[in-house]
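Student: Residue numbers (this note's numbering): 144 to 359.
Attaching a single structure in structure tokens format; questions to follow.
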């Protein structure tokens, strides 16, 4: 993530956090993604600046299929005022959900300031929307039960089917969800959802069927 002028502040692979000098940030190790994953979680980390705060950043992480998603959905907090402006992780690996898919996205709320953080729980059809405000993260999520169950019928390393991107449209009112696997025959066509950025709710719209499904 950068400042408003595009200057690098810090970056992460979901396991370690590095400052703008490419050094390990203070307390910046083991923030969520398991060390055995080598950053392989499809969307392993997302940095979001806390609304109306000039130095507080949240890092959200999802664990990888190789670790059976065991570390779940976590958040950490960086304070950029510390360590001579190079930042310090002041809170890390705070678990919000036990097992989520390798999918993580964020969008601005209707009020133009707050942010929705969206994840999908593993093994069911539940989306979880968390609200990040100027007062901090609201840990009670908005839950939407919709779309396909994220769990294949083949149970051989089933968590590999959690891979795939979740992406908001530029307007923030639509979501596309993709799932895939490289260890068993499991194909998911892209699903399109609508998103209410006032309430944080997700609603299934339709599935895209094509002959080229495996290329997704």
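Positions of the beta carbon are idealized from the N, C-alpha and C atoms, including for glycine.
With a threshold of 6 Å on Cβ separation, who are the neighbours of residue 238 within its own chain once the five nearest residues in sequence on each side are excluded?
Tutor: On the chain shown, residue 238 is found 95 positions in, with the first residue counted as 1. Closer than 6 Å at the Cβ level, and outside the excluded window around residue 238, lie 215, 217.
Student: Check for me: the beta strand (DSSP E) holding residue 202 runs from which residue to which?
Tutor: In the chain shown, residue 202 corresponds to position 59, counting from 1. 199–205 is the span of the beta strand (DSSP E), which, as asked, contains residue 202.
Student: Please state if the CB of residue 144 and the CB of residue 190 are separated by a distance shorter than 7 Å.
Tutor: Counted from its first residue, the chain shown places residue 190 at position 47. Counted from its first residue, the chain shown places residue 144 at position 1. Yes.
Student: My output table needs one value for residue 327: the three-state DSSP class, helix, strand or coil.
Tutor: Stepping through the chain shown from its first residue, residue 327 is reached at position 184. Residue placement at residue 327 cannot be trusted, given a pLDDT of 49 that sits under 50; the coordinates are not used to answer.
Student: Would you kindly report the start and end of the unbroken beta strand (DSSP E) that includes residue 237?
Tutor: In the chain shown, the residue the question calls residue 237 occupies position 94. First-last of the beta strand (DSSP E) with residue 237: 231–240.
Student: Mind checking who residue 167 pairs with in its DSSP beta bridge?
Tutor: As a working mapping, residue 167 is identified with position 24 in the chain shown. DSSP, once it has assigned bridges, lists 161 as partnering residue 167.
Student: Quick test of your reading: residue 268 and residue 288, contact by CB under 8 Å. State the CB separation rounded to the nearest angstrom.
Tutor: Counting from 1 along the chain shown, the entry for residue 268 is found at position 125. Counting from 1 along the chain shown, the entry for residue 288 is found at position 145. The Cβ separation is near 6 Å, so the contact holds.
Student: Name the two residues that bound the continuous beta strand (DSSP E) containing residue 287.
Tutor: Position 144 of the chain shown, counted from the start, is the residue given in the question as residue 287. Counting along the chain, the beta strand (DSSP E) containing residue 287 begins and ends at 279–288.
Student: Which same chain residues, not among the five before or five after residue 209, have their C-beta less than 7 Å away from its C-beta?
Tutor: Numbered from its first residue, the chain shown carries residue 209 at position 66. Answer for residue 209: 179, 180, 183, listed in chain order.
Student: If the criterion is Cβ atoms closer than 7 Å, does the pair residue 176 and residue 197 meet it?
Tutor: Counting from one through the chain shown, the residue named residue 176 turns up at place 33. Counting from one through the chain shown, the residue named residue 197 turns up at place 54. Judged by their CB atoms, residue 176 and residue 197 are not nearer to each other than the 7 Å cut-off.
Student: Quick one: complete beta strand (DSSP E) runs, 3+ long, within the stretch 247–279?
Tutor: 258–264, 269–276
Student: Taking the Cβ atom as the reference point for each residue, do residue 245 and residue 291 lie within a distance shorter than 7 Å?
Tutor: By one-based count along the chain shown, residue 245 stands at place 102. By one-based count along the chain shown, residue 291 stands at place 148. It is not a contact, given that the beta carbons lie outside the stated cut-off.
Student: To the nearest angstrom, how far is it from the Cα of residue 279 to the Cα of residue 234?
Tutor: Stepping through the chain shown from its first residue, residue 279 is reached at position 136. Stepping through the chain shown from its first residue, residue 234 is reached at position 91. Taking the straight line joining both Cα atoms gives about 13 Å.
Student: For the 8 Å Cβ check, are there 3 or more pairs between the stretch 340–355 and the stretch 239–259?
Tutor: yes
Student: Within its chain, find whatever has a CB closer than 8 Å to the CB of residue 265; leave out the 5 residues flanking it on each side and keep chain order.
Tutor: Mapped onto the chain shown, residue 265 falls at position 122. Result list for residue 265: 212, 242, 243, 244, 293, 294, 302, 305, in chain order.
Student: With DSSP as the reference, label residue 188 as helix, strand or coil.
Tutor: Here residue 188 refers to the residue found at position 45 when the chain shown is read from its first residue. In this structure, residue 188 counts as strand in the three-state DSSP scheme.
Student: Roughly how many angstroms separate the alpha carbons of residue 187 and residue 147, rounded to a whole number?
Tutor: Position 44 of the chain shown holds residue 187. Position 4 of the chain shown holds residue 147. Each residue's alpha carbon lies about 24 Å from the other.
Student: Can you grab the Cα-Cα spacing for the pair residue 338 / residue 228, in whole Å?
Tutor: Taking the chain shown and counting its residues from 1, one reaches residue 338 at position 195. Taking the chain shown and counting its residues from 1, one reaches residue 228 at position 85. Spanning the two alpha carbons is a distance of roughly 37 Å.
Student: Assuming residue 222 and residue 231 form a contact by the criterion Cβ under 8 Å, report the distance between their Cβ atoms to the nearest whole angstrom.
Tutor: Locating residue 222 in the chain shown gives position 79, where the first residue counts as 1. Locating residue 231 in the chain shown gives position 88, where the first residue counts as 1. Between residue 222 and residue 231 the beta-carbon gap is near 6 Å, inside 8 Å, which marks them as a contact.
Student: Buried or exposed: which applies to residue 271, given that a residue is buried once 16 or more other Cβ atoms fall within 10 Å of its Cβ?
Tutor: Against the chain shown, residue 271 aligns to sequence position 128. Label assigned to residue 271: buried.
Student: Output needed for residue 361: all residues of its chain with C-beta closer than 8 Å, excluding positions within five of it in sequence on either side, in chain order.
Tutor: Absent from the structure is residue 361, since the part of the chain shown begins at 144 and ends at 359.
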